[in-house]
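These notes are about the structure you will find just below.
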Amino acid sequence: MQKIQAAITAVGGYVPDYILTNSELEKIVDTTDEWITTRTGIKERRILKGEGLGSSDIAVEAVKELLKKRKIGAEEIDLLICATTTPDLQFPATANIISDKAGLANAFGFDINAACSGFLFALNTGAQFIETGKYKKVIVVGVDKMSSILNYEDRATCIIFGDGGGAVLLEPNSEGYGIVDSVLKSDGSGRVHLHQKAGGSVKPATVETVMNKEHFVYQEGQTVFKFAVKNMADVAAQIMERNDLTAENVAWLVPHQANKRIIAATSDRMGLPEEKVMLNIERYGNTTNGTLPLCLWEYEKQLKKGDNIVLAAFGGGFTWGATYIKWAYDTN
Ligand code: UT7
């Protein structure tokens, strides 16, 4: 009997309406459209404006779209896993808030924090619940409101990130479609190069931490860049090798959208031409956990049943990984 695989059967996504362009950023920090474009590939990013709105509000839109597309009721969902670095609250989990707001009355939920690799790790976690046969419908969300932890006086970080997120539905498949293989890695010694200094149990929030701007993203860009280029390409190559994937039989690379140059290094290593690489960094920047599902959301119509797809990510932690999926459906 063919084993049960976890297949993505629907995708939803959402980005806020407000567009923060490079030229607007030129007025806020000492930067230029030319610098941002050539160094990162980003032209604009979305920002969630409005009092009292958080990551869950982005995710709820994605989840609702997914349910509508799959024509299923919210009460049919067994589990919702949310990958986020910007939870609504320190606790409870944002997954629970999303489930409440979207009416997932029968689902349990929890969050995963693996920075920019969070969606990939959550996808693989969700897949386990399907593969065991225990659950039939699992939603995996990747979402971030990065604007909530950005210092808009720091030109090295505020130009990179944006807000947005997406969601996928996982269901059992016994015909060979779905998640086939993964390489997932983390190395905690990399934490010094990319983190948020205060607000956790080591350094709880005080007036001083706020004054010192320690609740924002801290990143040593060049160091992170070097690790990202090497590690993301390494795992992508590894997943190809051990699954007999070639530049010809891979239909798409779905890369984390952190920097166009990191993406190019990965696709070059895989030998893939540009037209096989999903890209939306120009319009959304780095939405951290949101990048991969947002790519799937935007390219969904171009995906065909049986397509070999490689997802790859690198992020704070350090965390990184690659996942090979045999796509399970034609959109029409
Ligand atoms: O998604 C999570 C993982 N994160 C990543 O993968 C990000 C990896 N890192 C990067 O993508 C890049 O390192 C950055 C885009 C963050 C920075 O690009 P870079 O080419 O590594 O620039 P740099 O940090 O080496 O800085 C080069 C110069 C510096 O000036 P000096 O010292 O050469 O005079 C910076 O001060 O560019 C300056 N600079 C800027 N200039 C204009 C830094 N940020 C800016 C800016 N506008 N926004």
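Residue numbering for the sequence shown follows my numbering, starting at 32 and increasing by one per position.
Ideal Cβ placement from N, Cα and C applies to all residues, glycine included.
Going by DSSP, what residue range makes up the alpha helix (DSSP H) through residue i?
i	result
Q36	First-last for Q36: Q36 to Y45, but that is the beta strand (DSSP E), not the alpha helix (DSSP H).
L327	T322 to Y330
V60	Segment: none, V60 is in no alpha helix (DSSP H) and carries neither H nor E.
I161	G149 to E162
T240	V238 to M242
I312	I312 to Y315
A146	Unbroken run through A146: none, as it is neither H nor E.
A187	R186 to C189
For the ligand UT7, is there any heavy atom lying closer than 7 Å to the beta carbon of residue i?
i	result
R273	no
V255	yes
G347	yes
T297	no
T117	no
W351	no
H226	no
A187	yes
T71	yes
N290	yes
C369	The requested residue 369 is not part of the displayed model; the chain covers only 32 to 363.
N317	yes
I67	yes
T52	no
G321	no
G193	no
I293	yes
A259	yes
G252	yes
I59	no
I180	no
C113	no
T62	yes
I190	yes
Span of the beta strand (DSSP E) holding residue i?
i	result
L51	Y49 to T52
Y355	T350 to K357
D194	D194 to N204
F247	F247 -> no beta strand (DSSP E), and no H or E assigned at all.
K176	V169 to K176
F139	F139 to I143
Put residue i into one of helix, strand or coil per three-state DSSP.
i	result
N290	coil
D131	helix
E368	With the chain covering 32 to 363 only, the question about residue 368 has no answer from this structure.
S232	coil
I340	strand
G347	coil
G221	helix
V211	strand
Y78	Checking the sequence shown, residue 78 turns out to be Ile, not Tyr. Strand at I78.
L84	coil
I108	coil
K216	strand
L284	strand
A114	strand
Q269	helix
Q227	strand
A136	coil
A124	coil
A278	coil
D119	coil
D299	helix
T69	helix
With a threshold of 7 Å (Cβ to nearest heavy atom), would residue i be considered close to the ligand GTP?
i	result
G81	For the ligand GTP, the structure offers nothing, since it holds only the ligand UT7.
Using 8 Å as the limit for Cβ to Cβ distance, is residue i near chain D?
i	result
A145	Given the protein chain composition of this structure (a single chain), no chain D is represented.
Checklist entry - Is the stretch 148-168 close to the stretch 113-121, with three or more CB pairs under 8 Å? => result yes
Checklist entry - Given 8 Å as the limit, is there contact between the stretch 180-195 and the stretch 160-172, that is, 3 or more CB pairs closer than that? => result no
Next on the checklist: Using 8 Å as the cut-off, can you tell me whether the stretch 344-355 makes contact with the stretch 287-294, which would need three or more C-beta pairs spanning the two stretches below that distance?
Outcome noted: yes
Item to check | Cβ contact (3+ pairs, closer than 8 Å) linking the stretch 223-238 and the stretch 305-321 | outcome: no
Checklist entry - Do the stretch 244-254 and the stretch 199-212 meet, that is, are 3 or more Cβ pairs less than 8 Å apart? => result no
Checklist entry - Touching or not, the stretch 183-192 and the stretch 207-225, by the rule of three or more beta carbon pairs under 8 Å? => result no
Checklist entry - Using 8 Å as the Cβ pair cut-off and three pairs as the minimum, do the stretch 329-343 and the stretch 266-275 touch? => result yes
Checklist entry - If you pair each beta-carbon of the stretch 302-319 with each one of the stretch 70-90, do three or more pairs fall below 8 Å? => result yes
Checklist entry - Does the pairing of the stretch 82-102 with the stretch 122-136 give three or more beta-carbon distances under 8 Å? => result yes
Checklist entry - Are at least three pairs of beta-carbons, each pair with one atom in the stretch 293-309 and one in the stretch 93-100, less than 8 Å apart? => result no
Item to check | Given 8 Å, three or more beta-carbon pairs between the stretch 159-166 and the stretch 58-65 | outcome: no
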